[in-house]
Amino acid sequence: MNPLHQYLLLSAMLFSVGLAGALVRRHAILVLVGIELMLNAANLNFLAFWRYGGNPEALTGIMFVIFAIAVAAAEAAVGLALIISIYRHLRTSNVDEVNKLNG
Amino acid sequence: MLGSGILKGLAETAKNFVGSYIDESGLTTIEYPDERQTLAENTRQFPFLVFDGDDAMKGLRCVSCQICEKECPPQCIFIVKSKDKKPDHVGKPQFYPATFDIDLSVCMSCQICVEVCPFEAIKMDTEFELSTSDRFGQLLLHKGQLAKPNSHFQEIHPTDAAVSDAALAADKAKAEAKAAADAKAKAEAGIPRPLASSPEAVTIPPALGPPNLPM
Amino acid sequence: MEQIDQIFVHLKHGVVAFLPEGLQPLVSILISVTAIVLVFPLLFALTTVLERKGLGRIQNRPGPNRVGLPRLPTLFPWLPKLRLAGFGQFAADGIKSLTKEDIVPREADRVVHFLAPFVLLVPVLLAFSVLPVGRNMAALDLRETGLLFFFAAGAATELSVFMAGWSSHNKYSLLGAMRAIAQMISYEIPLILSSLTVVMMAGSLSLVTIVERQSGVNFGFLHGWHVFTPWGFAGFWLFLIAACAEANRTPFDLPEAESELVAGYFTEYSGFKFALFFLGEYLGLFAISGLGITLFLGGWLSPFTFLNWMPSWFWFFFKLFLMIAFFIWLRGTLPRLRLDQLMNFAWKFLLPMTLINLVVAALWHFTNSWNPALRWLLGAILLTFSYWILGRGFEAKFRPRTYRYAS
Amino acid sequence: MSVATESPAPRNYEVVPKTSPEGSELDGELLEVAMGPQHPSTHGVFRMDVVLDGETVVKLKPVFGYLHRNHEKIAENTSYLGSMPYTDRLDYFCSLTNNWAYALAVEKLAGLQVPERAEFIRVITAELTRLQNHTSVCGFLLQDMGALGTPLMYAFREREKILDLFESLTGARMMCNYMRFGGCRCDLPPGWLDRVRKIVGDFPQFLDSYEALLNTNEILLARTQGVGRLPRELAISAGVTGPMLRACGVDYDIRKVDHYGIYDRFEFRIPLGEQGDVYDRYMIRLLEIRESLKILQQALKEVPGGPIIDPKAKLRSFRPKVGEAYGRIEGPKGELGFYLISDGSPNPYRYRVRPPSLINLTILEDMCLGQSVADAVVTLGSVDIVLGEVDR
Amino acid sequence: MSLRNLVHSALCLAVSLVGLALIYLGLDAEFIGWIQILVYVGAVSILIVFAILLTRGTEAPAGRITFAPWSGLIIAGAVFATLAWTVIKSKALTEITGNPSLDVSFVVKNIGGKLVAEYVLPLQVMGLLLTAALIGAVIIALHERKGLK
């Protein structure tokens, strides 16, 4: 069990927590929070592999994380805007009640 | 250009900032307990009762006519008329207030009591440090606390006091002349009658200088 | 002179040297932390009095001038009454805020309400650790990420503002927090972008390096502060405006706009927690002023080479004092903006200006071989022109009017 | 007033119920805030019940009456003279103009003639009152805008000088209680006119610096122009008077319309606004100060001698004959009128005040709708209210 | 994730993200660590609480655990178990011994260099994406308001 293992386990835990949140909670914002957590778990993986990988000079992991953070920020912004918009329309932020398209 | 107005304002405040160190006259603050402003002569704060002579209760000018009690807008004056009479400054027997209370917490310092008083008996004081620690007992001022000598009045409102003293002196002179004339008439009529009161009972302070009134 | 300059550094080294090898790093850090925690709050205390006195003088009144030392006639009967020109005021205020009742609204979220002032204070104090307050006097020299650390710490304060505003369960608090966050996020962008010019030119995120890069000498006596370049000058003012907004100072004090929102997000705080908020606000102001000094005004460098004999920390604190005096001056003069105007100003004026400033900085970098005067002129013209263009929109909309009279 | 029927102040944090009349789309985003009666910028105990959508005002209800003192009923139960000090407390910023309006009404009722010297004193004191009211109102307005008291302090510095004048003339700084039916209470103290001359002479200098401080300030322009706009027609139909009406461009000044006192002897102009926004109101006040200074300079040149009170006027047992009268003047805040009905007794049968602040305040909602809270505060500041007068 | 009060959840998210940032620091990725705080604590968590406030969900019971909580938890648990098993059993991982003392002083400069050299296309795309996201978010959030007025 070297440090890399620990980081990867932590990341797996974080991912599962995020997944559980996204699956269990029905509030749209919390689903989004879960997704953020999963993204962060992935970031942690990238960094861990960059740090303990064979070629840290290449900075691949770090670059990936930078882009991932940027994407996550954009995703959060758009996602929350959508949630607010949906809330305005349907007066709910429960993802199960958003079923207009179900017909 | 954008920002010029802001710069102008900044220059103005800077001028005031520096100016307040160069010329202290711009600072209007009076650091109160240490420094005291000389009060304007007309300042009015709270009424007091004028008395003549040394004995406050004896020399009170108030004759308990209760006009001020009636006219007082917030109705803060409370007077109980005496049963007996005592001589006033001209020697005429008059009632005097057995009770004369003014409620400091109600009084609004409007000076109407002073204006309506025909006897020059109530005047406005300039004392403004009237706070007390007891809001029930000490804010109701009684006759003893309200009575202040005429010399106090002359000190705080010299101009008004001169007018009032002159009026009283004229009154008195008139009364004395009348009394003398009466006495003379009585003497001529041959039926001597005692005066209403002994003249020692009334002591009138020497009137101030001649009433050179700025009108 | 060298001794005085480095007196605090030597002092620290001296103390640390007495200790066993293993404890030395820890104690060294502890000493730095203690210094920060002692010096800046003390400065805050002095500033509150100075601010009130300065504002008083601006408004033609003397300001606080009564509270000095307490006399304690039983203990020191010989002691005369000392007023110290009112400088005892901060002690009185401190004691007052400590002894005041700490009121928590019944409906408040107690935990969050309690944590908010601390969440504000901690990042602000952390931010001081990367500021070089003198030669060799930065508590923490993050060679790689000093500036980033500063901004990260600054970003964390937003959370505290939100916590305070939300947990109080008060509409004014909530509105104040919303305003504060919107404002802080909007103004963080120009703030970062205007400091980015410096990072570009210095080629480092380390604040210590940035100061060292400004130690060049122009004309034989003038230190090469960044503010003496066109992009640095513009950047400094843009930074100052954005810093003003970040620190919630007039004319950007909307979050705590007294006439509208009572006290903004800390309306429901009283006693010591209120004092902590107050402290946090002022420390934030110091931190951001210190950053401005470091980035643009040469940090602890003296302005002229012939003044180099004065200790470096003196220069830092002197500049800090001047910056704060400037903020107080602004506060005494200007009215407050409205929220939409604030946002418009950030997005439509500050942001384009900072971007243009970046371009000018790049231009400056690549025209290194040109005649300095020409280079200067080019940058200045570019910036003035864009300033004029951006300001025109405002002037078309708002201008003083002339009035007619009834016949 | 609506106070009695008012439901208790809403809980601190309350979501507007979903059945709002605006329709279901907007609800839930509205925030109802009770600004006041304890709020730093409501100029006393005044409350604005504001419904906000974000920061935009969608509904605003002015609630007043917290300072109701039963002024009119008290006056109907006191002698005519006894109400005089109460009028000081209506608009406690300008007690002398209140005195004048009341005295004017009683003089009409009793048919008293005011001697010329008293008329001059009245004009001088009223214009001094206007000076100090307008300067401090502009200061308060800027304070509401967040200028942290600097303009206000400058205004107060000048006001202090004028209040010192009032004190040496009438004995009190704010509660002057100076005018009497048929004249004034006492004559000018020696040297008073010279002091007034000095202050009037120095005032333009102060005004210049006051205007330099903020008049062209970009923030001020942005905060006031186009804010709280009052349409001309609404202003006329709502009965708005004073600087607020003139800021809408309506040429109406009772000094010119009624020619009361001796105002037709002086030359002065009426500044008029165009847009009727806060900036116009602010500027009109500053311009009016300059016109007041002109009046003062003319009046100070030729103060005649003579008595200061109609010899027919009685202090005690004053009983005007049966009848009614309405006396009005151009107070600093607008048309201040007193309506009196006498039944021949020492007390008025009916006593009614037309308070300019109250009537100017009634259109607050129309001026604030669709603007932000910050604008509502500034608009309120520009109305120039004094709660003593609004609530009476 | 199990708190009822959404704002508390969001604040806890911020705390966990700060913790994550500290782990990044522990991984010698200073730059990423501070960026993490700047972006996540300074922006994303604030965005989330804003959204919570705007949807008035703070006290509403809308966030209650209602739908199939157990199945969700079981799935998550299974995922965790699989991942953990993979991580522990992986042969390749044990071979990576890591470089305990990495000198990271080159990182920031190189990030800058690489962003405008090797990764210039992703950078452009990212810029485009962020712009699109910004505009999209603004339009989505503002659209409804306009319709009402």
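Protein chains in written order, with my numbering: chain A, 10 to 112; chain B, 4 to 218; chain C, 602 to 1008; chain D, -8 to 383; chain E, 4 to 152.
Positions of the beta carbon are idealized from the N, C-alpha and C atoms, including for glycine.
Indicate the three-state DSSP secondary structure (helix, strand or coil) for D/Ile354 in the structure shown. For the purposes of this step, residue 354 of chain D is taken as the residue at position 363 of the fourth sequence. D/Ile354 falls in the coil class under three-state DSSP.
Per-residue DSSP class, three states only, for C/Ser816: Taking the first residue of the third sequence as position 1, residue 816 of chain C is located at position 215. Residue state, collapsed to three classes: coil.
So, are the CB atoms of D/Asp375 and D/Met165 less than 9 Å apart? Mapped onto the fourth sequence, residue 375 of chain D falls at position 384. Mapped onto the fourth sequence, residue 165 of chain D falls at position 174. With a cutoff of 9 Å on beta-carbon distance, D/Asp375 and D/Met165 are scored as not near each other.
At a CB-CB cut-off below 9 Å, which residues of chain C make contact with D/Pro262? In the fourth sequence, residue 262 of chain D corresponds to position 271, counting from 1. One finds Tyr1004, Arg1005, Tyr1006, Ala1007 in chain C with Cβ atoms closer than 9 Å to the Cβ of D/Pro262, taken in chain order.
Identified DSSP bridge partners for D/Glu326: On the fourth sequence, position 335 is the one that residue 326 of chain D refers to. Secondary-structure assignment with DSSP links D/Glu326 through a beta bridge to D/Glu321.
Please state whether DSSP places D/Phe172 in a helix, a strand or coil. In the fourth sequence, counting from the first residue as 1, residue 172 of chain D sits at position 181. It is coil, neither helix nor strand.
Compare the C-beta of B/Thr162 against all C-beta atoms of chain H and say whether one is closer than 9 Å. Absent from the structure: chain H. Protein chains present are A, B, C, D and E.
First and last residue of the beta strand (DSSP E) that includes E/Val44? In the fifth sequence, counting from the first residue as 1, residue 44 of chain E sits at position 41. First-last for E/Val44: undefined, no H or E at that position.
Taking 9 Å as the cut-off, decide whether the C-beta atoms of C/Pro1001 and D/Asn206 are in contact. Against the third sequence, residue 1001 of chain C aligns to sequence position 400. Against the fourth sequence, residue 206 of chain D aligns to sequence position 215. In terms of Cβ geometry, C/Pro1001 and D/Asn206 form a close pair [threshold 9 Å].
Residues of its chain near D/Arg220, where Cβ-Cβ distance is below 8 Å and the 5 sequence neighbours each way are ignored: The residue labelled residue 220 of chain D in the question sits at position 229 within the fourth sequence. Only Gln266, Gly267, Asp268, Met358 meet the Cβ criterion.
According to DSSP, simplified to helix, strand and coil, what is D/Glu315? Your numbering for residue 315 of chain D matches position 324 in the fourth sequence. In the structure shown, D/Glu315 sits in a strand (DSSP, three-state: E or B).
Among C/Trp679, C/Ser629, C/Leu620, nearest to C/Phe609 - alpha-carbon criterion: Start at 1 with the first residue of the third sequence, and residue 609 of chain C comes out as number 8. Distance from the Cα of C/Phe609 is smallest, within the candidate group C/Trp679, C/Ser629, C/Leu620, for C/Ser629.
Report whether the distance from the Cβ of E/Tyr122 to the nearest heavy atom of the ligand NAD is below 8 Å. The ligand NAD is not part of this structure, which contains no ligands at all.
With H, G and I counted as helix, E and B as strand and the rest as coil, what does DSSP make of D/Asp18? The residue you call residue 18 of chain D lines up with position 27 of the fourth sequence. Its pLDDT being 44, under 50, D/Asp18 is placed unreliably by the model, and nothing is read from it.
So does the segment 776 to 784 of chain C actually touch the segment 927 to 945 of chain C, counting three or more Cβ pairs closer than 8 Å? Touching, per the Cβ criterion.
Output needed for D/Cys85: all residues of its chain with C-beta closer than 7 Å, excluding positions within five of it in sequence on either side, in chain order. Position 94 of the fourth sequence, counting from 1, holds the residue named residue 85 of chain D. Sequence-distant Cβ neighbours of D/Cys85 in its own chain, meaning closer than 7 Å and more than five residues away, are Thr120, Asn124, Gly322, Pro323.
Cβ closer than 8 Å: which chain C residues qualify as neighbours of D/Gly267? What you label residue 267 of chain D is simply residue 276 of the fourth sequence in a count that begins at 1. The contacting residues do not exist; D/Gly267 stays about 12 Å from chain C at best.
Do B/Ile115 and B/Phe81 have their C-beta atoms closer together than 9 Å? Counting from one through the second sequence, the residue named residue 115 of chain B turns up at place 112. Counting from one through the second sequence, the residue named residue 81 of chain B turns up at place 78. No, these two residues do not count as a Cβ contact at 9 Å.
Distance, Cα to Cα, B/Pro36 vs C/Gly664? What you label residue 36 of chain B is simply residue 33 of the second sequence in a count that begins at 1. What you label residue 664 of chain C is simply residue 63 of the third sequence in a count that begins at 1. Near 16 Å, if we compare the C-alpha coordinates of C/Gly664 and B/Pro36.
Near C/Ala728, which residues of its chain fall below 7 Å by C-beta distance, leaving aside the five closest residues on each side in sequence? Working through the third sequence from its first residue, we reach residue 728 of chain C at position 127. The answer, listed in chain order, is Phe751, Ala754, Gly755, Ala888.
Pull out every residue of the segment 15 to 48 of chain B whose Cβ sits closer than 7 Å to any Cβ of chain D, in chain order. For chain D, the residues of the segment 15 to 48 of chain B that bring a beta carbon within less than 7 Å of one of its beta carbons are Glu15, Thr16, Thr31, Ala43, Glu44, Asn45, Thr46, Arg47, in chain order.
Short of 8 Å in beta carbon distance, which residues of its chain neighbour B/Pro76, apart from the five on each side in sequence? Order them along the chain. By one-based count along the second sequence, residue 76 of chain B stands at place 73. Around B/Pro76: Met111, Cys113, Ile115.
Using the beta-carbon count (16 or more within 10 Å), is E/Ser12 buried or exposed? Numbered from its first residue, the fifth sequence carries residue 12 of chain E at position 9. Here E/Ser12 is buried. Its C-beta has 16 or more other C-beta atoms within 10 Å.
Buried or exposed for D/Thr88, going by 16 or more other Cβ atoms inside 10 Å? One-based indexing of the fourth sequence puts residue 88 of chain D at position 97. The residue is buried, with at least 16 neighbouring Cβ atoms inside 10 Å.
First and last residue of the alpha helix (DSSP H) that includes D/Lys189? The residue you call residue 189 of chain D lines up with position 198 of the fourth sequence. Bounds of the alpha helix (DSSP H) holding D/Lys189 are 183 to 205.
In whole angstroms, what separates the C-alpha of D/Phe157 from that of D/Ala117? Locating residue 157 of chain D in the fourth sequence gives position 166, counting from the first residue. Locating residue 117 of chain D in the fourth sequence gives position 126, counting from the first residue. If I take the Cα positions, the gap works out to 11 Å.
Is D/Ala146 helix, strand or coil by DSSP? Looking up residue 146 of chain D in the fourth sequence gives position 155. D/Ala146 carries a helical assignment under DSSP once its states are collapsed to helix, strand and coil.
Can you name, in chain order, every residue of its own chain whose Cβ lies under 8 Å from the Cβ of D/Pro346, other than the five neighbours on each side? By one-based count along the fourth sequence, residue 346 of chain D stands at place 355. These residues qualify, in order along the chain: Leu81, Asp82, Leu327, Glu380, Val381, Arg383.
Quick check for students: name the residue ranges of the alpha helix (DSSP H) that lie wholly in the segment 229 to 282 of chain D, counting only runs of 4 or more. Those alpha helix (DSSP H) runs which fall completely within the segment 229 to 282 of chain D and span 4+ residues are 234 to 238, 245 to 248.
Decide if D/Met144 is buried, meaning its Cβ has at least 16 other Cβ atoms within 10 Å, or exposed. On the fourth sequence, residue 144 of chain D is found 153 positions in, with the first residue counted as 1. Per the 10 Å Cβ criterion, buried.
Contact list for C/Phe995 against chain B, beta-carbon separation under 7 Å: Here the question's residue 995 of chain C lines up with position 394 in the third sequence. Under a criterion of Cβ atoms nearer than 7 Å, the residues of chain B adjacent to C/Phe995 are, in order, Leu5.
Have a look at C/Leu884 and C/Ala844 and give me their C-alpha separation to the nearest angstrom. Locating residue 884 of chain C in the third sequence gives position 283, counting from the first residue. Locating residue 844 of chain C in the third sequence gives position 243, counting from the first residue. Going by C-alpha positions, C/Leu884 is about 13 Å away from C/Ala844.
For E/Ile55, which residues of its own chain have a beta-carbon under 8 Å away from its beta-carbon, when the five flanking residues on both sides are left out? Here residue 55 of chain E refers to the residue found at position 52 when the fifth sequence is read from its first residue. If the five residues before and after E/Ile55 are omitted, its C-beta is found closer than 8 Å to the C-beta atoms of Leu9, Val10, Ala13, Thr61, all from its own chain and listed in chain order.
What separation, rounded to the nearest whole angstrom, lies between the Cα atoms of E/Ser93 and E/Ile78? Here residue 93 of chain E corresponds to residue number 90 of the fifth sequence, with the count starting at 1. Here residue 78 of chain E corresponds to residue number 75 of the fifth sequence, with the count starting at 1. Cα-Cα distance, rounded: 22 Å.
Is D/Met165 helix, strand or coil by DSSP? Within the fourth sequence, residue 165 of chain D is the residue found at index 174, counting from 1. If DSSP states are grouped into helix, strand and coil, D/Met165 belongs with coil.
Quick check: what's the CA-CA separation for B/Arg64 versus B/Phe54? Counted from its first residue, the second sequence places residue 64 of chain B at position 61. Counted from its first residue, the second sequence places residue 54 of chain B at position 51. In a straight line, the C-alpha of B/Arg64 is about 5 Å away from that of B/Phe54.
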